[in-house]
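Have a look at the structure below, then the notes.
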Amino acid sequence: MKIRAKQVIRAAVLALMSVVFAISPTIAAQKVEEFKLVNVSIPVGDFFVLPAEICGVVGPLEGEFLIYQVQITLWDNVHFVFQASSSVRLDDAAGNPVLRDLGTLREVSGTTSLPNSLGGNLVSHCTPNTATPGKLYEFRITFTLGEDGTLKQIHGELCDPSVYPFC
Numbered sequence: 415m416k417i418r419a420k421q422v423i424r425a426a427v428l429a430l431m432s433v434v435f436a437i438s439p440t441i442a443a444q445k446v447e448e449f450k451l452v453n454v455s456i457p458v459g460d461f462f463v464l465p466a467e468i469c470g471v472v473g474p475l476e477g478e479f480l481i482y483q484v485q486i487t488l489w490d491n492v493h494f495v496f497q498a499s500s501s502v503r504l505d506d507a508a509g510n511p512v513l514r515d516l517g518t519l520r521e522v523s524g525t526t527s528l529p530n531s532l533g534g535n536l537v538s539h540c541t542p543n544t545a546t547p548g549k550l551y552e553f554r555i556t557f558t559l560g561e562d563g564t565l566k567q568i569h570g571e572l573c574d575p576s577v578y579p580f581c
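When you read off a place in the sequence shown, starting at 1, and then add 414, the result is the number in my numbering.
Next comes the structure, spelled out in structure tokens:
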């Protein structure tokens, strides 16, 4: 029953995200002068490609990418400012914590032309009960704006700085 409930919740979140970002003509037709997402939870495996092993723990791993608030604001009619408050939680199959955040607030500003991508990195660390306590991972989140200034895509990527030093 617990697995079925998780599948239903996961399907509902994905359906909501599809409506908001891909299908909804209302949002798709609006220029991004101030775009906001508040209190959205996305299953990590649905948004990021997870490696077979994280923090020395072999999957399956489950968790959530929590968006407390994401805001893209047109600033001075030329530049966009991206601000986000988010966190990530990743657990092993038994529910033991594997990966948690170090920090949550990101701000990246500046673009003089479209299309452009705005985003930030969420740095997370392996918990003490893993094989590699304290090891860092970065979750990269990118919001892509089209030539007309509308939100076209949200992309997530998990990066291991020890493997790829220029994450």
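For every residue, glycine included, the Cβ atom is placed at its ideal position computed from N, Cα and C.
Report the three-state DSSP secondary structure of V452 (helix, strand or coil).
-> For V452, the three-state secondary structure derived from DSSP is strand.
So, R503 versus G477, is the Cβ gap smaller than 8 Å?
-> Yes, they are a contact pair.
Spatially closest choice to N543 from D506, G570 and K566, by CA coordinates | D506
Looking at C-alpha atoms only, which residue of S576, P575, Y578 and H569 is the closest neighbour of V463?
-> H569
Residue-level contact to chain B via CB, C469, 8 Å cutoff = As a matter of chain content, chain B is missing from the structure shown, which is built from one protein chain.
Burial state of A498 (16 or more Cβ within 10 Å) | buried
Return the residue from the list L550, L513 and A508 that minimises the CA-CA distance to S576.
-> L550
So, are the CB atoms of V512 and L475 less than 8 Å apart?
-> yes
Beta-carbon proximity of A545 to V471, cut-off 8 Å = Taking 8 Å as the Cβ cut-off, A545 and V471 qualify as a contacting pair.
Between the CA atoms of L488 and D574 - distance to the nearest angstrom = 32 Å
From G560, I555, D515 and T556, pick the residue whose C-alpha is nearest to that of C540; which is it?
-> D515
Residue span of the beta strand (DSSP E) that contains V512, given as start and end = It spans P511 to D515 - the beta strand (DSSP E) in which V512 sits, taken as one unbroken run.
Have a look at N510 and D490 and give me their C-alpha separation to the nearest angstrom.
-> 46 Å
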